[in-house]
Structure formats: C-alpha cells, structure tokens
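Numbering (full-length UniProt numbering), first residue to last: 1 to 50.
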C-alpha cells in the first residue's frame, strides 16, 4: 500500500509539472504576440507622426 501511495504522489507531481509547462508555453506565446503587437503599434504611430 505504501508503495502505491508513493506512485500516486509522484504521478500527481508529474501532472502538476506538465500543467505548469503548458501554462509557461502559453504565457510565452502570449508575451511574444504582445511584443509583436506593440512593435506594430509603434510603427503605426510613427507612420502617423505621433
């Protein structure tokens, strides 16, 4: 029984790590998209002489 508990604990830690990785990746993509949007916005403002 003790062995089963340890396996379950390790499993849930692994699941948490996987979920964290997915969240990080989503966050990085969002940051990249945000950066591109800001760059485009800056170019647009320059083009409009602001």
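For every residue, glycine included, the Cβ atom is placed at its ideal position computed from N, Cα and C.
For the pair residue 41 and residue 15, the Cα-to-Cα distance works out to about 39 Å.
In the three-state DSSP reduction, residue 50 falls in the coil class, being neither helix nor strand. Here the C-alpha atom of residue 43 lies approximately 10 Å from the C-alpha atom of residue 37.
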